[in-house]
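Numbering (our numbering), first residue to last: 955 to 1592. The C-beta atom is built at its ideal place from N, Cα and C for all residues, glycine as well. What you are looking at is a predicted structure, and each value in this text was computed from that prediction instead of being measured. One structure below.
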Amino acid sequence: MPPETRKGFAWGAVFSSLILLLLACYALWSRLARLAFANLEYLTALLGQSGYEPLYLILFLISASLTALLLARRLGQYSSPAPTFCLFLIGGIVVPPQVVALVAWPDGRGWIRSVVLLGISLSINVLLTGWVLLCKQNSPKEPPPQTEEDGTWQWGYSLTTGALLLLVFLSSAGRLVGFDALAYHLPLVASWFHSGSLKTGYGAQFHYPENMNLLVRWTLASGSDKGIFLIPFLSALLCVYMLYKISRALGFSREVATVSACCGAVCPPFIHLATTAYSDTFGILCLTLGIYFLLEWNNSKVTHWAFPLSLGLALGMAAGTKFSMLPPAVVIFCASAVVVFQKGDRVKSVAWLAASAFFGGGYWYLRNLVAFGNPVYPVSVAGLTGIPMEELVAVNPLLDKPTWRWMAYPWAEFGYSSPFDDGVGAVFGSLCIPAMMVCPLLFWKMRKDRKALRLNDLLVYAIVVGSFLLYLLSGRVTPRYGLASIVLSSLLIGFLWREFSSRYFRFAVFVPFGFMLFVLGQSFLTSCLYTLNTPTYEGAERFGLPKTIDELMPARILNAAAAHYTYGLMGKDYRHEVITLFRSPAPEDALTYGADHILVDEDRLAEFQSKLNIALVAETQSVEGKKLSLWRMMHGPP
């Protein structure tokens, strides 16, 4: 070691010792420090009364972030740190519960609790820290040279989209809306949190893959469900960011990338789904991460296990989020075969890809395969056990069969009824569909003019169009089930923007974008004002249910009313077990499942009173104007 280096180490040791000595003096003699230490006893007493879940939540978030930071630092030579951090932060939350459930088959047997997951995360921290310290530090990845353009349009799109997202945040903060969210997504999460197991419910609707709910579970550790909306909202926000990163990986300038990302952000179902505990925005986020790592893998001059690991993990988490993410995940997987074939080390790459995909979401499919012989239960495919698709998914009657309406839907949006399910927006109809048709001509022209046609361009186009065609072939025209391909199609706008430099063209692109800003902006502004001017309720009253539900002793309740009352019936501390069947419940089900109470609406009350001995506990008026009543099961004949 050179003398100058030894001298620097010596002075560093001296100053380090001095810093620690002064810190010790402050900790021993400072009045503020003594007050902080004295407060620990009071804090411990409070945690003892309310439980340690909030503390576990804080420590787990720190630990999961450290895991992602260490991996982003270690793999920084191969991909951009921010997407890598995002991927492994999500993976650090989603993968461990599935591994525990695989080990303690079939649902974790009570081991999926905050303290156990925190211990696993801390163990991963220790292993990764040792790995990073022992391995040679990689130099960060150098960004590819890219042409930058005037940022006037970039700032216009960024600021207006940011204003829209702010309205979305303000209108959704603390609210729980959406039929599916209240009917089975949130009841599942609450039962997991309460039992420490990945339990299923009594109906077929409780057997879907639920990766996003593994993140939502941690929001309940805060002691409130007011933060649940943050998961879909942040997922949507990161989706927009990943659209930008994918565009940059395609070689687009910052301006072009911003335009593409912002156009994807104003897709109506996408932005509305960011306000509720549906899993669509999270699934699309995982898909965009997968596309990004596929492009980075193709751009890389080396073959490294980090690429198939990251790609497989992202695709596995997408497939483990909901079944509608399977078609685009399969298309991306097929596109990755092109890269695997070119890069070499094919066996190792496929092994990394398959293993990481399984740990990302394979548990849900394996559980259904073992239990029902059908990995995609409750969907019946190829004669396997399940329910036909037309009975599982509500279909717009105007689009039930292939007609001219299918072709005209992007511009007419026939039968629009739900902001979460219907509509595609002006950007898709005016820009994305023409882009799908024009891009092959642009690619042919580039080849004819002997311009470089990059494989990444073809991969992205194939992924977008392939996913969209699979969605159409499924026959489920409801846009939410093809939302991934609709949002991803905004990437194709970048090819048009790059090719046509006319200011008139750029103004024409902004017009449908601006129109959707108006349509969505006034909708969310109305929602904000409505929320400010309506009274707030707590517990079961938030969902139009009797307050008595929160005061009952723990019980088993048969939900003979609408399915979206399931979450509210659990009580504000999730004390009740709620039985919600996929079919319409019969009075005999109360005896079959040993129900203590029954929630029934006025349309079916006479039927239940005639066959069961029940006593009225409470009643209320639903939002739809129907009378809802809660009844206690009594012994003996009616």
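Determine, using beta carbons only, whether residue i and residue j come nearer to each other than 8 Å.
i       : j       : result
CYS1221 : GLY1475 : no
PHE1247 : THR1235 : no
THR1242 : GLN1108 : no
GLY1245 : SER1151 : With the sequence shown as reference, residue 1245 is identified as Ile, and Gly is not the correct amino acid for it. No, they are not a contact pair.
SER1068 : ALA1175 : yes
TRP1251 : TRP1306 : no
THR1339 : ASP1376 : no
THR1229 : SER1126 : yes
ILE1511 : ILE1533 : yes
GLY1314 : GLY1237 : no
LEU1041 : TRP1172 : no
LEU1346 : VAL1333 : yes
LEU1506 : TYR1519 : no
GLY1110 : SER1444 : no
LYS1565 : PRO1541 : yes
LEU1263 : ASN1410 : no
GLY1383 : TRP1358 : no
ALA1058 : PHE1039 : no
TYR1415 : CYS1393 : yes
GLY1369 : LEU1353 : yes
CYS1193 : THR1115 : no
Residue i by DSSP, collapsed to three states: which one?
i       : result
HIS1551 : strand
ALA1211 : helix
GLN1031 : coil
TRP1585 : strand
ILE1568 : strand
VAL1532 : strand
GLU1573 : strand
ASN1322 : helix
VAL1220 : coil
ILE1511 : strand
ILE1387 : helix
ILE1182 : coil
By how many angstroms is the C-alpha of residue j removed from the C-alpha of residue i?
i       : j       : result
MET1524 : PRO1037 : 37 Å
ASN1513 : TYR1458 : 58 Å
TYR1425 : SER1439 : 8 Å
PRO1373 : ARG1434 : 10 Å
PHE1261 : PRO1008 : 35 Å
ALA1018 : ILE1078 : 9 Å
PHE969  : SER984  : 22 Å
THR1106 : SER1310 : 42 Å
SER1033 : ARG988  : 46 Å
ALA1494 : LEU1559 : 21 Å
GLY1468 : LEU1015 : 38 Å
PRO1539 : PHE1123 : 37 Å
MET1279 : LEU1437 : 9 Å
TYR1232 : GLY966  : 53 Å
VAL1465 : GLU1209 : 17 Å
LEU1269 : THR1574 : 45 Å
VAL1292 : GLY1155 : 41 Å
VAL1330 : SER1421 : 19 Å
ILE1131 : SER1145 : The amino acid occupying residue 1131 in the given sequence is Val; Ile does not appear at that position. Distance between the alpha carbons of VAL1131 and SER1145: 19 Å.
PHE1584 : ALA1544 : Before going further, note that residue 1584 is Leu rather than Phe in the sequence given. Straight-line Cα distance between these residues: approximately 13 Å.
THR1490 : GLY1128 : 11 Å
LEU1142 : VAL1554 : 22 Å
Assuming the contact rule is C-beta atoms closer than 8 Å, residue i and residue j should be a hit. Round their C-beta distance to whole Å, please.
i       : j       : result
MET1166 : ILE1182 : Rounded, the Cβ-Cβ distance is 10 Å, inconsistent with contact.
MET1271 : ILE1044 : 7 Å
PHE1536 : ILE1552 : Actually they are not in contact, since the Cβ atoms of PHE1536 and ILE1552 sit about 18 Å apart, beyond 8 Å.
LEU1119 : LEU1191 : 7 Å
GLY1062 : PRO1050 : With a Cβ gap of about 10 Å, GLY1062 and PRO1050 do not count as contacting.
PHE1449 : ALA1389 : 7 Å
TYR1521 : LEU1136 : 5 Å
LEU1025 : LEU1082 : 7 Å
Should residue i be labelled buried (16 or more other beta-carbon atoms within 10 Å of its own) or exposed?
i       : result
ARG1300 : exposed
GLY1298 : exposed
GLN1159 : buried
ILE1447 : buried
CYS1089 : exposed
PHE1147 : buried
CYS979  : exposed
SER1456 : exposed
HIS1589 : exposed
GLU1344 : exposed
VAL1463 : buried
MET1470 : buried
TRP1398 : exposed
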